[in-house]
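Q:
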Amino acid sequence: MKNLLNSVRLYGNVGKDPVITIFENGGKVARWSMATNEKLKNAKGELFDEVMWHQLVAWGNAATLVESFVKKGSRIAVEGKLIHRRFTNRDGVEKEVSEILVKDLLLLEKRQPQSQEADEIEEAVPF
Numbered sequence: 155m156k157n158l159l160n161s162v163r164l165y166g167n168v169g170k171d172p173v174i175t176i177f178e179n180g181g182k183v184a185r186w187s188m189a190t191n192e193k194l195k196n197a198k199g200e201l202f203d204e205v206m207w208h209q210l211v212a213w214g215n216a217a218t219l220v221e222s223f224v225k226k227g228s229r230i231a232v233e234g235k236l237i238h239r240r241f242t243n244r245d246g247v248e249k250e251v252s253e254i255l256v257k258d259l260l261l262l263e264k265r266q267p268q269s270q271e272a273d274e275i276e277e278a279v280p281f
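For the numbering used here, add 154 to where a residue sits in the sequence shown, where the first one is 1.
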């Protein structure tokens, strides 16, 4: 059960291209959004889609892999943990955000083969 402590698993689509920040010391962080969809019924029994947006963050080598493989529209599955942080924006206003700190990522879309002989494959990107 220890693995369940603050564990988040999501499957969905990337909302926009990741934003990559490179620091003076060579460190790197990737930030991007992901949408998950759930089919629900309203009081009349009609089906509708509920879309939830999630903010994701990956550091170091994980950020490099995100930079190389993840783009707007990518279908991905992620595993990580929920984090909350506070910061003061440029206007001096204190903000609080919730993000998923990504530990594992799986690309779920089929990639185009490098050659005509290669078959389409599902690509797994371990961190």
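Every residue, glycine too, gets a C-beta built ideally from N, C-alpha and C. Predicted model only: the values in this text are computed from it and were never measured.
1) Consult DSSP for E263 and reduce its assignment to one of helix, strand or coil.
2) By DSSP, does S161 sit in helix, in strand, or in coil?
3) How big is the Cα-Cα spacing for D273 and K198?
4) Spatial neighbours of D171 within its chain, please: C-beta separation below 6 Å, excluding the five flanking residues on both sides.
5) Fully enclosed by the region 158-230, which alpha helix (DSSP H) runs are 4 residues long or longer?
6) Assess, as a yes-or-no matter, whether the region 238-245 is touched by the region 193-212 under the definition of 3 or more beta carbon pairs within less than 8 Å.
7) Please classify L259: is it buried, with 16 or more other beta-carbons within 10 angstroms of its beta-carbon, or exposed?
8) Could you say which of V220, L164 and V168 lies nearest to I174 if we only look at CA atoms?
A: Taking the definition as stated:
1) Here residue 263 refers to the residue found at position 109 of the sequence shown. The answer is strand: DSSP assigns E263 an E or B state.
2) Translated into positions along the sequence shown, residue 161 becomes position 7. S161 falls in the coil class under three-state DSSP.
3) Here residue 273 refers to the residue found at position 119 when the sequence shown is read from its first residue. Here residue 198 refers to the residue found at position 44 when the sequence shown is read from its first residue. Confidence is the limiting factor: at D273 the pLDDT is only 42, short of 50, which leaves the residue's position unreliable and the question unanswerable from this model.
4) Within the sequence shown, the letter at position 17 stands for residue 171. Closer than 6 Å at Cβ, skipping near neighbours: K225 and K226.
5) 215-223
6) no
7) Translated into positions along the sequence shown, residue 259 becomes position 105. That one is buried.
8) To locate residue 174, count along the sequence shown from 1; it is residue 20. Comparing Cα-Cα distances from I174 to each of V220, L164 and V168, the minimum goes to V220.
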